[in-house]
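Residue numbers (full-length UniProt numbering), protein chains in the order written: chain A, 1 to 211; chain B, 1 to 211; chain C, 1 to 211; chain D, 1 to 211.
Here a beta-carbon is modelled for each residue, glycine too, at the ideal position from N, C-alpha and C.
Just so it is clear, the structure is predicted and the values come from calculations on it, not from any experiment.
4 protein chains.
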Amino acid sequence: MTGQLRADAKRNRDQILAAARELMVNQGAGVPMEEIARHAGVGVGTLYRRFPDRVALLRALSVHTIENMTELARTALRTEPDAWTGLSRFVRECVALRLGALRSIVDPELHTALRQSDELRSARTELLRIVEQMIEAAQRDGSMRTDVGVVDVAMLVSLHLKRPFDVPGTTPVDMDARLTQLMLDGLRPCAATPLPGSPTTLADVNWDADR
Amino acid sequence: MTGQLRADAKRNRDQILAAARELMVNQGAGVPMEEIARHAGVGVGTLYRRFPDRVALLRALSVHTIENMTELARTALRTEPDAWTGLSRFVRECVALRLGALRSIVDPELHTALRQSDELRSARTELLRIVEQMIEAAQRDGSMRTDVGVVDVAMLVSLHLKRPFDVPGTTPVDMDARLTQLMLDGLRPCAATPLPGSPTTLADVNWDADR
Amino acid sequence: MTGQLRADAKRNRDQILAAARELMVNQGAGVPMEEIARHAGVGVGTLYRRFPDRVALLRALSVHTIENMTELARTALRTEPDAWTGLSRFVRECVALRLGALRSIVDPELHTALRQSDELRSARTELLRIVEQMIEAAQRDGSMRTDVGVVDVAMLVSLHLKRPFDVPGTTPVDMDARLTQLMLDGLRPCAATPLPGSPTTLADVNWDADR
Amino acid sequence: MTGQLRADAKRNRDQILAAARELMVNQGAGVPMEEIARHAGVGVGTLYRRFPDRVALLRALSVHTIENMTELARTALRTEPDAWTGLSRFVRECVALRLGALRSIVDPELHTALRQSDELRSARTELLRIVEQMIEAAQRDGSMRTDVGVVDVAMLVSLHLKRPFDVPGTTPVDMDARLTQLMLDGLRPCAATPLPGSPTTLADVNWDADR
DNA sequence: CATGAATGAGACTTCATTCAT
DNA sequence: TATGAATGAAGTCTCATTCAT
């Protein structure tokens, strides 16, 4: 899709995306477009040429993010000895890289607008498919409780993407790791308390983990 | 503290707080002050007379929220047969009522400004003290893993205050309940994997769970 | 006019005027009405009962000021050995007391509104009459140039009412005194250069020295 | 400094300055920014792009004004036969053109803010230097009293920049001229009465005559 | 195509004035 | 009658988006 861009145009596009990611992750999705442009070293006009409005920019960012996560999942699945270890690693990496920190977007308008992208939807499905594989494998070999599904895991991860407040007495990194571990332990069969409802299947999902 | 207000002024103040809570919980902390005023049925001027700026409003809202949570914690502690049951109930209620949904504030400036309120700080400490009691009791009778502290629990709850996206196949209420249960199961001793770092003590905490 | 006020009402009125004078002289005529009320120790409502709007307040202040100046002029005329000395003293006192510092009002709307007060006009005329007496006497005995009239003097004084900027190397008081002296020396016959136009007579004057 | 602006941007900038000068001279420094923009034929946004806030605008205006005055002083010094004539002409021109009428700024906040501009300070010093030359020359050849310095003259001129009230019986122009002449006559040696304090030297001056 | 200037709607806040208590 | 609460118009400033260069 970006293949037919001229070399410099491509470079611009990438710089814009990088700047947008950095600024939005740190300051929320509301950063002035002009500031994004400045950080990217281009004029606003150029930004708007590439991304007609803020939503388009967010969409591109989200797709990019999901593709990164997919890559992480694939690698974890291929590299780790068993499914549970792979899943754990994937979850830890997602949280650590805070690849979904754009989650801080709350504006429901943006929310709605984002959902409507086909590109986004298919990237997401692709990701979910792989994670579901890991989950099912882990459940088969008894290392994961069987009353949870991809959607549960996805929601959990998405909750943990929020940057934690600085708490005196711990480093943010430690805090992150502790919370993630607690979440993973909750997915083990051992302490499993029955859950209300039933796990959602991948089929009818519309997951927004990216935000 | 608000006792010396005239009857009508008090009524206005309450309406403003109610409107602000509702709008901020749903649309984020950025709702136009004017819209808050309109929903409360007063002029902007009135809003500003009561709360000199957005931060003051948020502060009042936060204190109110925390006081509600404290009340819930007290009741749970008093009513339930054992500490773990009490803690679970408290956590479920917090999440269900989404009493801390203001958490959606991301703007770091607001964040910082809020921390500086003594009133807020003491309300928070009060709440933490009670929760810590429950935790310690539960740990003593072996129903809770011993490598976690109030701060861990607080952070966990705060993560779960984010309103989950609507997921096809489950109701939001069910989703909420599932995620909360998973979190609680992670706090049980049975599946406990060692955590990095160590639990923070109440003493040096500065917790912002309310937002 | 204020005679029929109840004792406490009179006290309120005076406190308001005093507060208004102080605040307006220091911060300009734009001080919030509420601040004036607060300084006077009354509610805004009371202020507005006494003075229907800002202009009314200014008018009262101006009349008061002019009456003070008139008193100064009378005393100088009566006490000093000769007219020129009396006039000099009067001018110096006006500047020193900055009795007209309200002059800082620039808003033309206020300006116009103020002119329309009969009370003000007659107080002003009264003052000008006395000053004119001093001028004419001084001119008769040769201590003052004869090509200037009350209006010239009035305008000069009014110019000098502006609080001078702080200048390093001199005290404001000294600066004031120097400038006033230079002005007075310019009124002496000795260095007199012919002036364009002719001195305006008291008759058709509408002088706003009070501001 | 404004050389690198695009042609249209430069035109806008100039129109804004012109509009601001006109409006501020007549109505005080408080004119709504929006009105300035309207008069300049641009949107508010444009105004704010050029001048981030009111103070920046005033600063630019002041620098411009001072530069004009400096030009006048230079010409007077070069053209007139003797120093006193040059100084008189310069003073008359300043008053007539009311080149410093922005003096009507009273708001102490603006005042303070303005002082902090280096550009302004150096423009001012440049002007004072030339005026000081004229003064010293005039004093050397005996046409000016020797107990006054630049600062005295500067303060005097600054006082006379206030637009005089319309007085029946004289034209404003005549009135201006009369008052200016009186001021000049006061600077002559003949009638000189001793002044309190001593003239401030240029070295430690921080003069704000421009406003 | 890139740039950055211009626009103008809209958010925030202040205050003069009115009015309920 | 005094108070101070409420109102809302008005002013300041910001920023998404369009458009001339």
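Any C-beta of chain B under 8 Å from that of residue i
i      : result
C94/A  : no
G197/A : yes
D185/A : yes
A37/A  : no
A18/A  : no
Beta-carbon proximity of residue i to residue j, cut-off 8 Å
i      : j      : result
P196/D : R178/C : yes
T201/B : G149/B : yes
L61/D  : A20/D  : yes
V95/D  : H160/D : yes
V63/B  : E119/B : yes
R54/A  : S117/A : no
Whole-angstrom distance between residue j and residue i, CA atom to CA atom
i      : j      : result
T125/C : R78/C  : 19 Å
G45/A  : A29/D  : 36 Å
P108/C : N26/D  : Because P108/C carries a pLDDT of 48, less than 50, the predicted location of this residue cannot be relied on, and the following value inherits that uncertainty. When rounded, the distance between both Cα atoms is 9 Å.
K10/C  : R188/D : 51 Å
V42/B  : T180/C : 55 Å
E35/D  : R49/D  : 16 Å
A56/B  : L17/B  : 11 Å
T171/C : L156/D : 16 Å
A138/D : S158/D : 20 Å
I66/D  : L97/D  : 12 Å
M33/C  : L128/C : 31 Å
I135/C : A37/C  : 41 Å
K162/B : D8/D   : 50 Å
L87/B  : L47/C  : 58 Å
R115/B : V167/C : 44 Å
E71/B  : F51/C  : 51 Å
D14/A  : A76/A  : 27 Å
L31/A  : E22/A  : First, the residue type needs correcting, since residue 31/A is Val and not Leu in the sequence shown. In a straight line, the C-alpha of V31/A is about 10 Å away from that of E22/A.
R145/B : M183/B : 13 Å
Residue i, DSSP secondary structure in three states
i      : result
W151/D : For clarity, residue 151/D is Val in the given sequence; the question names Trp instead. Helix at V151/D.
A29/D  : coil
K10/A  : helix
R121/D : helix
H160/A : coil
Q193/D : According to the sequence as given, residue 193/D is Thr; it is not Gln. Three-state DSSP puts T193/D in coil, outside helix and strand.
T146/B : coil
R49/D  : helix
V86/A  : Here the sequence assigns Gly to residue 86/A, which means Val is not the residue at that position. G86/A: helix per DSSP, three-state reduction.
S198/B : coil
E71/D  : helix
T171/D : coil
V63/A  : helix
Q116/C : coil
Contact with chain D by residue i, beta-carbon distance below 8 Å
i      : result
P81/C  : no
M69/C  : no
D174/C : yes
T146/C : no
Cβ of residue i within 8 Å of any chain C Cβ
i      : result
K162/D : yes
Q181/D : yes
D14/D  : no
T200/D : yes
L156/D : yes
Chain A contact for residue i (CB, 8 Å cutoff)
i      : result
L159/B : yes
A177/B : yes
A76/B  : no
V63/B  : no
G169/B : yes
D152/B : yes
T125/B : no
For residue j and residue i, believed in contact at Cβ under 8 Å, the rounded distance
i      : j      : result
I130/D : R92/D  : Wrong, their Cβ atoms sit about 16 Å apart, outside the cutoff.
P199/C : D141/C : Not confirmed; about 18 Å, so no contact.
D176/A : A191/B : About 19 Å separates the two Cβ atoms, so there is no contact after all.
S122/D : D82/D  : Going by Cβ atoms, the distance from S122/D to D82/D rounds to 29 Å, so no, they are not a contact pair.
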